[in-house]
Amino acid sequence: MHRVTVMTRVGCHACEHAEEDVARICGELGVEWTTADVDTDPEWRAEYGDRVPVILVDGEEHGYWKVEEDRLRAALRSPGS
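The opening residue of the sequence shown carries number 1 in full-length UniProt numbering; numbering runs sequentially from there.
In structure tokens:
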């Protein structure tokens with residue numbers, strides 16, 4: 001089963017849209033998802049801070065700035081861990 005994480009930060013309008021999209025897509029496909037605030041961890045801030053929202057699938061970077069719905073759906077339909 002796949003797991004999606006949206007790397008986000010407080011006050012990020014694009015992050016709110018990404019969370020809405022991920023919630024809808026994951027809800028339809030029965031995939032677990034969560035958010036993580038990049039500003040709570042110095043390593044996350046250094047890695048993702050200038051590109052939020054960043055979408056991770058199974059801990060690997062899938063995309064950033066926006067959700068590419070068709071691409072995310074394809075990734076979540078493929079065999080997972």
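Glycine residues also receive a C-beta, built at the ideal position from the N, C-alpha and C atoms.
What are the boundary residues of the beta strand (DSSP E) that arginine 3 is part of?
3-8
For glutamate 60, list the residues DSSP reports as bridge partners.
Val57
So, are the CB atoms of lysine 66 and alanine 18 less than 8 Å apart?
yes
Is it right to say histidine 13 is buried, meaning 16 or more other beta carbons lie within 10 angstroms of its own, or is it exposed?
exposed
Is the beta carbon of aspartate 37 closer than 8 Å to that of valine 6?
no
Could you tell me the alpha carbon to alpha carbon distance between tyrosine 48 and valine 4, rounded to whole angstroms?
15 Å
Aspartate 50 (DSSP reduced to helix, strand or coil):
coil
In the structure shown, what three-state DSSP assignment does aspartate 37 receive?
strand
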